[in-house]
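Sequential numbering from 17 applies to the sequence shown in the numbering used here. For reference, the structure is listed below as C-alpha cells.
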Amino acid sequence: MVKVGIAGGAGYTAGELIRILLGHPLAEIAWVLSSSHAGAPVCKVHSDLVGDTNLVFAEKPDFSAVDVVFFCMGHGKSGEFMDKYELPSGMKMK
C-alpha cells in the first residue's frame with residue numbers, strides 16, 4: 017500500500033486526484049493539505065466526494081506518514097511550499 021499526501025488539496029486537480037486515489041486498491045491517502053480549509057472536512061470543498069471519504073484537511077504536512085506527495089498547487093506555489101517545509105533526510109524530490 018502506497019501512502020499518499022496531497023498538497024494544495026482544495027483545488028479542482030486535487031479533487032480529481034482524491035477521487036481517483038480513493039478507488040485505487042494500492043493507495044491510501046494519509047493527508048490532504050489546505051491551509052485555508054484546515055480542520056474542515058474535504059467533502060465541504062469537494063461535495064462530489066460526500067459519502068466516499070471522511071478525510072479532513074490538514075494544516076501542515078506530515079512527511080513521515082507518506083511515501084509520495086502530489087503537489088496540486090498553482091504556478092510557483094510548490095516552490096514556496098518547499099521553502100516553507102523541510103523534507104526529512106532521505107526523502108527525495110523527483
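Note that CB positions come from ideal geometry on N, CA and C, so glycine has one too. Since this is a predicted model, take the numbers as computed values, not measurements.
Kindly identify the DSSP beta-bridge partner or partners of residue i.
{"i": "Leu37", "result": "In the DSSP output, where bridge partners are listed per residue, Leu37 has none listed."}
{"i": "Gly21", "result": "Trp47, Val85"}
{"i": "Val72", "result": "Pro57"}
How about residue i and residue j: are their beta carbons less than 8 angstroms apart?
{"i": "Val82", "j": "Gly21", "result": "yes"}
{"i": "Met89", "j": "Phe97", "result": "yes"}
{"i": "Leu112", "j": "Ile34", "result": "Because the chain here runs from 17 to 110, residue 112 falls outside it and cannot be looked at."}
{"i": "Val84", "j": "Val18", "result": "yes"}
{"i": "Ala54", "j": "Glu75", "result": "yes"}
{"i": "Leu42", "j": "Thr69", "result": "no"}
Between which residues of its own chain and residue i is the CB-CB distance below 6 angstroms, once the five residues before and five after are set aside?
{"i": "Val48", "result": "Ile22, Gly25, Val58, Leu71, Phe73"}
{"i": "Leu56", "result": "The amino acid occupying residue 56 in the given sequence is Ala; Leu does not appear at that position. Excluding positions up to five away in sequence, the list reads Phe73."}
{"i": "Gly31", "result": "His62"}
{"i": "Ser50", "result": "Gly25, Ala26, Phe73"}
{"i": "Glu44", "result": "Met17, Lys19"}
Tell me which residues share the same chain as residue i and place their Cβ nearer than 7 angstroms to its Cβ, disregarding the 5 neighbours each side in the sequence.
{"i": "Phe79", "result": "Leu103, Pro104, Met107"}
{"i": "Ser111", "result": "As shown, the chain starts at 17 and ends at 110. That puts residue 111 outside it, with no answer to give."}
Excluding sequence positions up to five away, which residues of its chain have a Cβ less than 8 angstroms from the Cβ of residue i?
{"i": "Ser52", "result": "Ala26"}
So for residue i, helix, strand or coil by DSSP?
{"i": "Asp78", "result": "coil"}
{"i": "Tyr101", "result": "coil"}
{"i": "Ser94", "result": "helix"}
For the ligand MN, is there a heavy atom less than 7 angstroms away from the beta-carbon of residue i?
{"i": "Gly90", "result": "Absence of the ligand MN from the depicted structure is noted, as is the absence of any ligand whatsoever, leaving it without description."}
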